[in-house]
Amino acid sequence: MMRIVPPKSFTYEAGDQAILLLHGFTGSTRDVKKLGLYVKERGWTSHAPLYTGHGEQPERLLQVHPRTWWEDAVAGYWELREKGYTDIVVAGVSLGGVFALKVASELPVTGLVTMSTPIQGKNTSEFYQRVLDYFIEYKKLQGKKKLEIEEEMPCFQEQEAPHLEEIQEMIQEAREGLPRIQAPTYILQGTLDDAVYRKSAPLIYHEVGAKDKSLKWYEKSGHRITTGEESRQVNEDIYTFLIKDKKAFME
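The opening position of the sequence shown corresponds to residue 899 in my numbering, with each subsequent residue numbered one higher.
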């Protein structure tokens, strides 16, 4: 069996401005690492917390309440504040985008970036399918063959996953908080993503309270917008937003 090197939280310290990077459900900090390095090289500190149970055995993921992941995201914000950063932009991918919306509606931030973020309802079976996909990919990384994975799957499926409904609850909370968000907002969405995400992007744009807001579509991107074909452009666009946001903050 191959040894898997688990992902970790990271902090790349650079300038006085900071960006909090929040990864998605069943993802990890690897999903935002390139973005973190990109802005760090240009003078921005970046911090990405790894949610509890992510990057570990799939069985562990099912044991953790999604509310714990939200607490991990908030703890990441306060870690930056405790280090002296007051100019904080929050950015998130997918579920991380949901958390970013909640952070921006509940805590002081100077900017908000959402990527591939759902704001419409998804049923629990869709979240559970993501867990099954994660199970398969994790076992492949362990070097297991297709037959071995198929043999282990029934035992894994016997585990209950009652906590996944909390994700839907937090999506609803994020939507309810949209009118309270006043920080400049940048919404990024791939046109090849699933419908629930494509429909959510304009909803976020229209319902967010910020006067300074923009929505950009990426024609060649699916859900994994930070690691896909247009990831370099995504990084450049977010950095451009950071510069613009910083100038507005200083005025």
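Think of the CB as a built atom: it goes at the ideal place given N, C-alpha and C, for glycine as much as any other residue.
- Query: From which residue to which residue does the alpha helix (DSSP H) around Trp942 run?
  - Reply: Here Trp942 belongs to no alpha helix (DSSP H), and DSSP marks it neither H nor E.
- Taking the alpha carbon of Ser1129 as the point to measure from, which residue in Met1013, Tyr1032, Ser907 has its own alpha carbon closest? If we check each option's Cα against that of Ser1129, Met1013 comes out closest.
- Message: In whole angstroms, give me the CA-to-CA distance for Pro947 and Glu1046.
- Response: Roughly 32 Å between the two C-alpha positions.
- Query: Does the beta-carbon of Gly953 have 16 or more other beta-carbons within 10 angstroms, so that it is buried, or is it exposed?
  - Reply: Buried, because 16 or more other Cβ atoms sit within 10 Å of the Cβ of Gly953.
- alpha helix (DSSP H) segments (min. 4 residues) lying fully within the stretch 923-1007: Counting only runs of 4+ residues, the alpha helix (DSSP H) found wholly inside the stretch 923-1007 occupies 931-938, 956-961, 964-980, 993-1004, in chain order.
- Query: With respect to the beta strand (DSSP E) encompassing Gln1087, which residues constitute its N-terminal and C-terminal limits?
  - Reply: Segment 1083-1088, the beta strand (DSSP E) holding Gln1087.
- Query: Where does the unbroken alpha helix (DSSP H) through Ser907 begin, and where does it stop?
  - Reply: Counting along the chain, Ser907 falls outside any alpha helix (DSSP H), and DSSP gives it neither H nor E.
- Query: Should the stretch 934-950 be called in touch with the stretch 911-918, which here means at least 3 C-beta pairs below 8 Å?
  - Reply: As far as the Cβ criterion goes, the stretch 934-950 touches the stretch 911-918, which means the pair count is three or higher.
- Are there 16 or more other CB atoms within 10 angstroms of the CB of Ile1141, so buried, or fewer, so exposed? Per the 10 Å Cβ criterion, exposed.
- Query: Considering Val1011, what are the terminal residues of the beta strand (DSSP E) in which it resides?
  - Reply: Its beta strand (DSSP E) spans residues 1009-1013.
- Message: Using C-beta distances below 6 Å, list every residue in its chain close to Phe1033, excluding the 5 sequence neighbours before and after it, in chain order.
- Response: Take Phe1033, set aside five residues on each side of it, and the residues of its chain with a beta-carbon closer than 6 Å to its own are Pro956, Phe1054, in chain order.
- Query: Going straight from the alpha carbon of Val1007 to that of Thr984, what length do you get?
  - Reply: Straight-line Cα distance between these residues: approximately 8 Å.
- Item | Euclidean distance between Cα positions of Met1148 and Val1029 | With a pLDDT of only 47 at Met1148, under the threshold of 50, the placement of this residue in the model should not be trusted; the figure read from the coordinates follows. So the alpha carbons of these two residues sit roughly 43 Å apart.
- Task: Could you tell me the boundaries of the alpha helix (DSSP H) in which Ile1102 lies?
- Result: Element bounds for Ile1102: 1093-1105.
- Item | Span separating the alpha-carbon of Phe908 from that of Thr927 | Those two C-alpha atoms are separated by around 8 Å.
- With a cut-off of 8 Å, do at least 3 Cβ pairs link the stretch 1096-1107 to the stretch 1116-1127? Look at the beta carbons and you see the stretch 1096-1107 not touching the stretch 1116-1127: under three pairs across the two are nearer than 8 Å.
- Run of the alpha helix (DSSP H) containing Lys1044, from where it starts to where it stops: First-last of the alpha helix (DSSP H) with Lys1044: 1044-1055.
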